[in-house]
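Convert by adding 911 to the 1-based position in the sequence shown; the result is the number in this note's numbering.
Note that CB positions come from ideal geometry on N, CA and C, so glycine has one too.
The structure appears below as structure tokens.
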Amino acid sequence: MSCRPVLAVFLCLSFSLGLAACAAGPAEVVRTMEQVEERAAAAGLGAGGRPVGEPWSRSPVYGAGGMAATAQPLASQVAIDVLKAGGSAVDAAIAANAALGLMEPTGNGIGGDIFFIIWDPQTKQLYGYNGSGRAPRGRSLDELKARIAGLKAAGAVPEDLEGIPSHGSLPVTVPGTVDGWFAAHDRFGRLPMAEVLAPAVRYAREGFPVSPVIAYYFQRNLAGFESRAAMIEEFDNARATYFAGGAPQAGELFRNPDLANTLETLGREGRDAFYRGELARTMDAYFKRIGGDLRYEDFASHRGEWVEPGHVEYRGYDVFELPPNGQGFAALQMLNILRNVDLAQWPRASAEVFHYLVEAKRLAFEDVARYYADPAVADVPLAGLLAEDYGRERFALIDPARATAAFGPGEPRLESDGDTTYLTVADGDGMMVSMIQSNYRGMGTGLVADGLGFMFQDRGELFSLDPAHPNAYAPGKRPFHTIIPAFVMKDGEPWLSFGLMGGSMQPQGHVQVLVNLIDYGMNVQEAGDAARFNHDGGRHPTGVHGDPLGTLAVEPGVPAVTIERLEAMGHRVEVIEDGVRFGGYQAIMRLPNGAYAGATEKRKDGTVAAY
912 MSCRPVLAVF LCLSFSLGLA ACAAGPAEVV RTMEQVEERA AAAGLGAGGR
962 PVGEPWSRSP VYGAGGMAAT AQPLASQVAI DVLKAGGSAV DAAIAANAAL
1012 GLMEPTGNGI GGDIFFIIWD PQTKQLYGYN GSGRAPRGRS LDELKARIAG
1062 LKAAGAVPED LEGIPSHGSL PVTVPGTVDG WFAAHDRFGR LPMAEVLAPA
1112 VRYAREGFPV SPVIAYYFQR NLAGFESRAA MIEEFDNARA TYFAGGAPQA
1162 GELFRNPDLA NTLETLGREG RDAFYRGELA RTMDAYFKRI GGDLRYEDFA
1212 SHRGEWVEPG HVEYRGYDVF ELPPNGQGFA ALQMLNILRN VDLAQWPRAS
1262 AEVFHYLVEA KRLAFEDVAR YYADPAVADV PLAGLLAEDY GRERFALIDP
1312 ARATAAFGPG EPRLESDGDT TYLTVADGDG MMVSMIQSNY RGMGTGLVAD
1362 GLGFMFQDRG ELFSLDPAHP NAYAPGKRPF HTIIPAFVMK DGEPWLSFGL
1412 MGGSMQPQGH VQVLVNLIDY GMNVQEAGDA ARFNHDGGRH PTGVHGDPLG
1462 TLAVEPGVPA VTIERLEAMG HRVEVIEDGV RFGGYQAIMR LPNGAYAGAT
1512 EKRKDGTVAA Y
């Protein structure tokens, strides 16, 4: 059953409100539909018309020679240039990611971790890579707790902080991105790495104009760093690298010569320069100087790993995600629950569809909080979490008429046998790369090693301090991870490489996009442009839990009648109009004739480039 006319009526309001938000200045929360309607009326002009497709969306991009979808237009063009120079989709993805670390440092960089799924047309296989780094090997849980207690006593962090501080050296883990680049390049690359990294080096030296959404996030990050200054042992390097004249503004030329030097070193000397060579020794000296715990030995011992993606079948499509320590299986668990109900019997914008999606998310995230952790250390019931009968068992807990006040984790069988940028690239030979990379919270810790031009991630904030929890902090352990690439196969052939950035929004965003595509027949661009929800609350893998019912944030395109019905069903709903909480989507779809259709996120600065 198609409900596209219904969506057109309900969702075109979203575009009008976007115009209002531009005129209103800083983003704000809209808490009632009356306020939403007042803003819409004040905006005056609404969306223009379109000869085809929905008026609230735009056309997908088509191409046959190659395609790239990233969160920054210049990075997409970098990827296309690499493809045209004879590079593989992997070469182009690395080149784009290096450019994004420069151009979008508010979400990623080589101080963070990386995950990817690659479709190789030669072997006709999917390859997954977990490029997450580990905690310092020389610091115990008790020592970490003592450091946190010292920060509380000094007033550097709030007394009521239950977890690991978000900034400074305590949440730092070994950056896994560079290792991931070289692992993928060794297997699937065609061009020399120096040539792959050359565009990012050139832009870092010569400068590039900052795009509007990234400028907005620069401003937010600077404010966040300044409000948490007491947590950050050293901020002068970060200020000189990113904020010498304050937060960069849209259109301002931004340069990072230190990062250019670092990338040149990687292109010349390879992976070991970062983990065993001069860059590793510089990072070791920096952490010793500021009193941090990461050491040369932590870098030297790091290796990511090739992993087998897990999958579930959803209405004839095989959806693949990477296993824990990431949260990709949460999306698969949601789909495993939702395949027990025919969502298409209702309009897409109906309360019934939102209700089932939200309750499936809440059920899946109960298991995320209970079981998801580093499988090298914890017993994670991987197969049991995705078992079809377990999905039916969890689905049976959903009351179709009312939000359940509180769910608990399930008991899947244990069998022996986890802020961000997402990008996807495809080449003319049929290789497709789904890649996601992040520093975790915003730009990261606030720490930039002397002369290296990148910020370290704060991914270790996601450890639990409860020694009995599977995700408990331990030396040399990988934390629970939020970043997840996705891939979909149809009848044994690649169909969709996609992802959606944004913390816990990612699994629920993956599912909403797939429901839009598979259940409601939207095209690849409409599936991302349509209004989303982001449910927040319940238990978390950190052991710092929220309200069991949580809060359902929705975008203004969700109709008033749906919100009223959801509230009557017991959901706590907020309408949020700034788009910040709802992720950043990119996708490339493989068409039956071998060409590609690409989509990018209107909530970001990005674009799709193709030829």
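For the pair of segments examined, the stretch 1349-1363 was found to touch the stretch 1139-1152: the number of CB pairs separated by less than 8 Å reaches three.
A distance below 8 Å separates the beta carbons of GLU1466 and ILE1487.
Around ALA1275, the same chain offers ALA1241, GLN1244 and MET1245 as residues with beta carbons nearer than 6 Å, after the five sequence neighbours per side are excluded. Of ALA1317, GLN1497, ARG1501 and TYR1431, the smallest CA-CA separation from MET1342 is found for ARG1501. A direct Cα-to-Cα measurement between PRO1258 and GLU1475 gives close to 16 Å. Judged by their CB atoms, TYR1040 and GLY1215 are nearer to each other than the 8 Å cut-off.
CA-to-CA, the gap between ARG1182 and VAL1089 works out to about 7 Å.
Under the three-state reduction of DSSP output, LYS1401 falls in the strand class. Looking from the CA of VAL1218, the closest CA among PRO971, ALA1009, VAL1344 and PHE1027 belongs to PHE1027. By the Cβ test, the stretch 1073-1080 is in contact with the stretch 1439-1455, since at least three Cβ pairs between them sit closer than 8 Å. Judged by DSSP secondary structure, ALA1271 falls outside any beta strand (DSSP E) and instead within the alpha helix (DSSP H) spanning 1262-1282. A Cβ-Cβ separation of about 27 Å leaves VAL1107 out of contact with ASP1195 under the 8 Å criterion. Between ILE1029 and TYR1228, the gap from beta carbon to beta carbon reaches 8 Å or more. DSSP, read as helix, strand or coil, puts GLY1321 in coil.
Note that the stretch 1381-1397 touches the stretch 1044-1057; at least 3 beta-carbon pairs, one per stretch, sit closer than 8 Å. Taking C-alpha positions only, LEU1477 is separated from PRO1418 by approximately 21 Å. The Cβ neighbour count for ARG1305, taken over all protein chains shown within 10 Å, is at least 16; the residue is labelled buried. Its Cα nearest to that of LEU1268, the residue PRO1311 stands out among PRO1311, LEU1233, PRO1292 and LEU1190.
Restricting attention to GLY1135, ALA1004, HIS1392 and GLY960, the CA atom closest to the CA of MET1354 is found in GLY1135. According to the DSSP secondary-structure assignment, GLY1468 is paired through a beta bridge with no residue.
Put simply, of GLY1403, TYR1384 and MET1412 the residue whose alpha carbon is nearest the alpha carbon of ALA1397 is MET1412.
Taking a cut-off of 8 Å on C-beta distances, the stretch 1128-1146 touches the stretch 1197-1213, as three or more cross pairs fall below it. Scanning its chain for C-beta atoms nearer than 6 Å, with the 5 sequence neighbours on each side dropped, one finds around HIS1392 the residues SER1043, ASN1236, GLY1237 and GLY1329, in chain order.
Taking all protein chains shown into account, LEU956 has fewer than 16 neighbouring C-beta atoms within 10 Å of its C-beta and is therefore exposed. DSSP places MET1416 in the uninterrupted alpha helix (DSSP H) bounded by 1416-1425. Fewer than three Cβ pairs drawn from the stretch 1057-1068 and the stretch 1121-1132 lie within less than 8 Å of each other, which leaves the two stretches out of contact.
ASN1350: not part of any alpha helix (DSSP H); DSSP gives it neither H nor E. Assigned with DSSP and collapsed to three states, ARG1200 falls in helix.
Residue pairing by DSSP places PHE1165 opposite PHE1119 in a beta bridge. Take the alpha-carbon of VAL1112 and the one of ASP1516: they are about 21 Å apart. Note that the C-beta distance between GLY1321 and ASP1278 is below 8 Å. Note on the stretch 1022-1080: whole alpha helix (DSSP H) runs with a minimum of 4 residues are 1052-1064, in chain order. DSSP places TRP1092 in the uninterrupted alpha helix (DSSP H) bounded by 1088-1099.
Assigned with DSSP and collapsed to three states, THR1473 falls in helix. The DSSP-derived three-state label of ARG1492 is helix. Annotated as proximal: PHE1119 and LEU985, with beta-carbon spacing under 8 Å.
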